[in-house]
Every structure is written in structure tokens, then in C-alpha cells.
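Position 90 of the sequence shown, counted from 1, bears residue number 117 in my numbering, the numbering being contiguous throughout. C-beta: ideal position from N, C-alpha, C; glycine also.
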Amino acid sequence: MTIAIIGAGIAGAACAAALTQQGHKVVVFDKGRSAGGRMSSKRTEQGYLDLGAQYFTARSEAFKAQCHQWLQTDTISRWNGRLAVFDGGGLRSSPDNTARYIGQPAMQAPVVQLLGNISLHCNCPVDQLQFDGNHWQLFSKGIALGSFSQLVLAIPQQQARQLLQPFLPQSPKLATLFAATALLPCWAVNIQLEQPFLPYDAIFVKNHLLSWLARQAAKPGRCRAEHWLLHFSPAFSAQHLEASIDVIVEQAVIALQHISGQPIKAVTTLCHRWRYAQQAPQYPVSGAVYLPALALGLAGDWLNGGRVENAWLSGVQLAEELVL
Numbered sequence: 028m029t030i031a032i033i034g035a036g037i038a039g040a041a042c043a044a045a046l047t048q049q050g051h052k053v054v055v056f057d058k059g060r061s062a063g064g065r066m067s068s069k070r071t072e073q074g075y076l077d078l079g080a081q082y083f084t085a086r087s088e089a090f091k092a093q094c095h096q097w098l099q100t101d102t103i104s105r106w107n108g109r110l111a112v113f114d115g116g117g118l119r120s121s122p123d124n125t126a127r128y129i130g131q132p133a134m135q136a137p138v139v140q141l142l143g144n145i146s147l148h149c150n151c152p153v154d155q156l157q158f159d160g161n162h163w164q165l166f167s168k169g170i171a172l173g174s175f176s177q178l179v180l181a182i183p184q185q186q187a188r189q190l191l192q193p194f195l196p197q198s199p200k201l202a203t204l205f206a207a208t209a210l211l212p213c214w215a216v217n218i219q220l221e222q223p224f225l226p227y228d229a230i231f232v233k234n235h236l237l238s239w240l241a242r243q244a245a246k247p248g249r250c251r252a253e254h255w256l257l258h259f260s261p262a263f264s265a266q267h268l269e270a271s272i273d274v275i276v277e278q279a280v281i282a283l284q285h286i287s288g289q290p291i292k293a294v295t296t297l298c299h300r301w302r303y304a305q306q307a308p309q310y311p312v313s314g315a316v317y318l319p320a321l322a323l324g325l326a327g328d329w330l331n332g333g334r335v336e337n338a339w340l341s342g343v344q345l346a347e348e349l350v351l
């Protein structure tokens, strides 16, 4: 059977790779310029900048095995950053033994490797679906993309809901999936500074409008200048979702000065608004969802508790269920 997958992030790529290994024909569509989704790094003249996923870990045996394969091919590397925590008590060192991994030389490298020679159509936003009971028809800006025997949506919950809105009356289970919000937003700001100013590579931030800071140069392949990436908390990001770039940058500079305890001067700034980024804490975990009557599957971190590993596991799980 020919299977269409919408979404070329880690979940869609894992699902596509598993299905291809089982001998199925797979076609992947993505609205972005390249594969990666929230694991994408931005290419600049100075090197890559990680604006989305910052690293990933491996807890399950299956994903540990996958990471081992990626390590053998230099697709990923272990990141031994100098870690700190900032909370009400101030800034303090917080080393641990957790194995953290990053894509090499950019965060999307594992996604690109998984997709390999699989048919991938980027810059192709699927905006309409039709299902005749046997096959799915996909359309982009009025242009038919083909007919497929199975459809996989490996995109954020809110985007999946928009595409599947006409089919919700046919499936109470689909309606249940979209009843509560699974993904919360995140404003990301990259600030280039004139000179080094903190003896750490990353900072976990507690009870603050920021949730994370990271020095880009601490990762191989990234910008070597003093670039710091700031992630705002879901609460702040939701409250200021439609704020102007100037407002977000101003808040980022103030927050960075507060955490570092010293004045800073920004050389350049770059903002990215992730509308669907972090897992809502109360959203129920189901792993992946397959609806045989609709020849439809859904995968992604939002169905499996967040995190890169769980997105990968969701894609692999769905691939197994699709071909039962």
C-alpha cells in the first residue's frame, strides 16, 4: 500500500523509516523548507543556531539502540554541557550524569538520516483532505497531490485538528483527542553578545518568565560567537503570543540581565515563535492513534508525553499498528 505522511519531524520520519523497512511505499509532505520540524536548526553564515529542541535523551531500550546507530555514523554526538540552575536562590552549578545528545552538525541530522531516500516533498502545505472510504486525496493550494491507501498525520495537535475538522463527526475518538489542548507555545530568542559573560553552557530556569538558556557555541557545528538561546515559559509565551518582536527582545534582555546579575549589550537578536512547542502537563498519553475505519493514523510527541524520544517512539508504534 502507498502511505502518505504529513509532517517531516522526528515522529513522521521514524514512522516513514519503519514503514519503508517493512516494504511499504511512503510519501512524506511538509510545509517547511526542509525536514526537522521543531528539531530544525537555523543556518547562518557563522554556523547553525538551535532555536527549537536543544538536546534529547534516551531512556527506552529501543531509542538507546537507535541513538547508538546514530553515534556510529556521527549523525549525533553526546553533549556534555556545563549545567546550572537558576531559581529563587540564585544561580548555581548543577552537574549530572544524564547522557544528552545533539544532532551533528545541526539538530535535524537524525531526522534527515531517517528519511534517507524516502520521497519527501518540502514547501508543500497540505491544506485539504478527502476520503472516499478507501483512499485519501491530499491537496495543496487546490493542487491534487495524489491518492493514498493510508494517511498519517505527524504534525502538532492543533494543525491536525484543522485538517481533520470535516471528519470529527464520524469519529468520537478523534473529537476526544482534540477536546483538550496538548501543546503550549514558546517564544525563542537568540541573543549575540559582545563577550562571554557566564561560565556555563546551559541553565535550567525555575519559577521565572524564562525556562531555559543555552550557549550555542557549546555545541559542535553551531555559531562560535557568544550566542545565547532563551526559551520563555509556556505561561509567558501564551500571554504574549501576539506581542511584537521588539517587546519580546526587550523582555529577553531584561531577563538575561536579571539571571546573570550583570548588564549585557546585544549585538544581534533573532526571535522565533513556536505556537505549538511544549507538552501541556495534564494531556493524557496514548502513544499513537490508529483508526482503521478511516485508514488514518496520528503520531507525535503530543500523544506521548512530549520529548524527542517519545515522538520517535510514537512514530515507530504507529508504523507497527498500521501494518497489523
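Residue range of the beta strand (DSSP E) that arginine 298 falls in? Here residue 298 turns out to be cysteine, not arginine, going by the sequence shown. From DSSP, the beta strand (DSSP E) with cysteine 298 extends over 293-306.
Shortest alpha-carbon distance to asparagine 337 belongs to which of Tyr317, Pro319, Gln305, Ala320? Measuring from the Cα of asparagine 337, the nearest candidate turns out to be Gln305.
With three or more C-beta pairs closer than 8 Å as the rule, is the stretch 279-296 touching the stretch 227-247? Yes, since at least three Cβ pairs between the stretch 227-247 and the stretch 279-296 fall closer than 8 Å, the two stretches touch.
Write down the C-beta distance between leucine 210 and tyrosine 303 rounded to the nearest angstrom, noting that I regard them as a contact closer than 8 Å. Confirmed, Cβ separation roughly 4 Å.
Check this for me: beta carbons of glutamine 140 and tryptophan 106, under 8 Å apart or not? Pairing glutamine 140 with tryptophan 106 gives a Cβ-Cβ distance that is not under 8 Å.
Whose CA, out of Gln222, Val153, Ser67, Gly108, lies closest to the CA of alanine 252? The residue with the shortest Cα to Cα distance from alanine 252 is Gln222.
Pairwise C-alpha distance: aspartate 154 and tryptophan 214: Between tryptophan 214 and aspartate 154, the C-alpha separation is close to 25 Å.
My parser needs the alpha helix (DSSP H) runs of 4 or more residues fully inside the stretch 141-210; what are they? Runs of the alpha helix (DSSP H) inside the stretch 141-210: 184-191, 199-204.
Beta-carbon gap between cysteine 151 and serine 167 smaller than 8 Å: In contact: cysteine 151 and serine 167 (Cβ atoms closer than 8 Å).
Tell me whether arginine 86 sits in a helix, a strand or coil according to DSSP, three-state version. Taken through DSSP and simplified to helix, strand or coil, arginine 86 comes out as coil.
When you compare only the Cα positions, how much space is there between alanine 43 and leucine 204? Put simply, the backbone Cα of alanine 43 is about 23 Å away from that of leucine 204.
By the three-class DSSP mapping on this structure, what secondary structure does phenylalanine 224 have? It is coil, neither helix nor strand.
Assign proline 137 to one of two classes, buried (16 or more other C-beta atoms within 10 Å of its C-beta) or exposed (fewer than that). Proline 137 should be labelled buried.
Report the rounded CA-to-CA distance for glycine 74 versus leucine 156, giving the unit in angstroms. Cα to Cα, the separation comes out at about 38 Å.
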